[in-house]
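Student: Residue numbers (the working numbering), protein chains in the order written: chain S, 745 to 880; chain Z, 369 to 555.
Note that the Cβ used here is the ideal one computed from N, Cα and C, for glycine as well.
Mind looking over this structure? Questions follow.
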Ligand SMILES: Cc1ncc(C[n+]2csc(CCOP(=O)(O)OP(=O)(O)O)c2C)c(N)n1
Ligand SMILES: [Mg+2]
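Structure (structure tokens):
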């Protein structure tokens with residue numbers, strides 16, 4: 745996916761060193777008139793709660809979060825499951841609309857999800873698990 | 369000189385630029401001294417003034433000044449390599465280095481001890497890094513704007529705070545007013 749993003753001339757990709765840093769970049773890009781999105785792993789929910797509530801939600805900004813949902817079926821690393829079991833609970837707790845791509849074809853909803861995100865000015869989570877992206 | 373005196377000094381320069389201002393007292397001081405639609409006041413999210421400013425600078429053409437703090441840069445050191453490697457010549461990072469976490473009561477930071485933020489910024493690949501004394505900040509900032517080169521300024525000042533009211537504006541209003549001004553200046 746990062747390769748595809750890098751190849752797409754209409755997308756400006758900035759690799760960031762920490763996910764909350766990426767959310768800060770997205771906030772600035774949004775205020776500069778762009779449509780930002782962040783690509784991250786579900787473990788990042790653990791480090792971005794403060795940014796999600798005090799920046800993205802507090803200032804009512806849209807943020808599609810395309811999330812690699814580690815720790816689901818087919819996961820080889822036990823530790824990833826520890827965050828997976830909290831992922832939806834945390835998103836739910838934060839009132840973040842959450843979509844889960846589990847089977848090929850689920851991605852057909854992406855365009856509608858992006859439109860919805862920029863309509864309601866909220867962070868929105870799109871969880872993509874290994875069954876969906878055929879990993880491992 | 370303390371931070372509020374620097375902000376008072378540079379306010380006439382700031383009003384012509386887009387400004388992202390750090391959480392806590394820096395935002396409250398700027399808001400009290402010279403509230404402008406072109407100021408984005410951070411009310412939370414310590415550490416992301418530089419990231420928001422860089423994102424904004426890359427997204428549009430007008431000069432963006434992020435007013436940051438030493439403590440906040442220390443908490444998001446990852447920002448410096450990102451800035452160095454994504455050059456936006458309309459971006460200025462002004463780190464007000466008072467050697468303390470001023471907004472929470474001036475607890476000392478490592479920037480006021482052995483750690484040089486200017487040296488770290490240079491080591492991260494930032495090409496134009498200027499460390500200056502508080503009194504020189506206005507002149508250095510002016511030159512940085514005119515140079516149209518991405519610049520990191522580390523302004524060394526004394527720690528200390530003044531009494532200043534909190535910002536009661538609704539965050540969505542701050543954001544909307546700012547975005548309207550960004551669009552107007554780019555029109
Ligand atoms: C994650 C997190 N930790 C701590 C704080 C509390 N806090 C708010 S501002 C601040 C100090 C910031 O210091 P600095 O960036 O040096 O700015 P100064 O106030 O000194 O100008 C702290 C510790 C916070 N808001 N978020
Ligand atoms: Mg400080």
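(1) Short of 9 Å Cβ to Cβ, which residues in the region 764-781 of chain S face chain Z?
(2) If you measure from the CB of residue 855 of chain S, is any heavy atom of ligand 2 nearer than 7 Å?
(3) Rounded to a whole number of angstroms, what is the C-alpha to C-alpha distance between residue 788 of chain S and residue 536 of chain Z?
(4) Using only the alpha-carbon positions, how far apart do residue 420 of chain Z and residue 470 of chain Z sit?
(5) When the distance is taken between beta carbons, is residue 407 of chain Z closer than 8 Å to residue 398 of chain Z?
(6) The beta strand (DSSP E) that contains residue 437 of chain Z, what's its start and end?
(7) Which whole runs of the beta strand (DSSP E) in the region 421-500 of chain Z are 3 residues long or more, in chain order?
(8) Determine which residues of the region 446-468 of chain Z have a Cβ less than 7 Å from any Cβ of chain S, and write them out in chain order.
(9) If you reduce the DSSP assignment to three classes, tell me which class residue 770 of chain S lands in.
(10) Under DSSP, the alpha helix (DSSP H) around residue 554 of chain Z begins and ends at which residues?
(11) Using the C-alpha atoms, what's the distance from residue 815 of chain S back to residue 823 of chain S?
(12) Going along the chain, which residues of its own chain have a beta-carbon closer than 6 Å to the beta-carbon of residue 449 of chain Z, five neighbours each way excluded?
(13) Contact defined as beta carbons within less than 8 Å: I believe residue 401 of chain Z pairs with residue 506 of chain Z. What is the distance between those atoms, to the nearest angstrom?
(14) Classify residue 494 of chain Z: buried if its beta carbon has 16 or more other beta carbons within 10 angstroms, exposed otherwise.
(15) For residue 850 of chain S, I'd like the list of residues in its chain whose CB is within less than 7 Å of its CB, leaving aside the five on either flank, ordered along the chain.
(16) Assign residue 527 of chain Z to buried or exposed, taking buried as 16 or more other Cβ atoms, counted over all protein chains shown, within 10 Å of its Cβ.
(17) Using the C-alpha atoms, what's the distance from residue 854 of chain S back to residue 842 of chain S?
(18) Please compile the residues from chain Z whose C-beta is within a distance smaller than 9 Å of the C-beta of residue 783 of chain S.
(19) Give a yes or no on whether 8 Å exceeds the smallest Cβ distance from residue 805 of chain S to chain Z.
(20) Return no unless some Cβ of chain S is closer than 8 Å to the Cβ of residue 431 of chain Z.
(21) Could you tell me which whole beta strand (DSSP E) segments of length 3 or greater appear in the region 770-854 of chain S?
(22) Residue 472 of chain Z: buried (16+ other C-beta within 10 angstroms of its C-beta) or exposed?
(23) Name the DSSP bridge partner or partners of residue 409 of chain Z?
Tutor: On the basis of the coordinates in this document:
(1) 764, 765, 766, 767, 768, 769, 770, 771, 772, 773, 774, 775, 776, 777, 778 and 780
(2) no
(3) 31 Å
(4) 21 Å
(5) yes
(6) 432-437
(7) 432-437 and 459-465
(8) 446, 447, 449, 450 and 454
(9) helix
(10) 539-554
(11) 8 Å
(12) 492
(13) About 14 Å; that fails the 8 Å criterion.
(14) buried
(15) 876
(16) buried
(17) 12 Å
(18) Under the 9 Å cutoff, chain Z gives no residues; its nearest Cβ is about 15 Å from residue 783 of chain S.
(19) yes
(20) no
(21) 782-785, 807-812 and 842-845
(22) exposed
(23) Z:389
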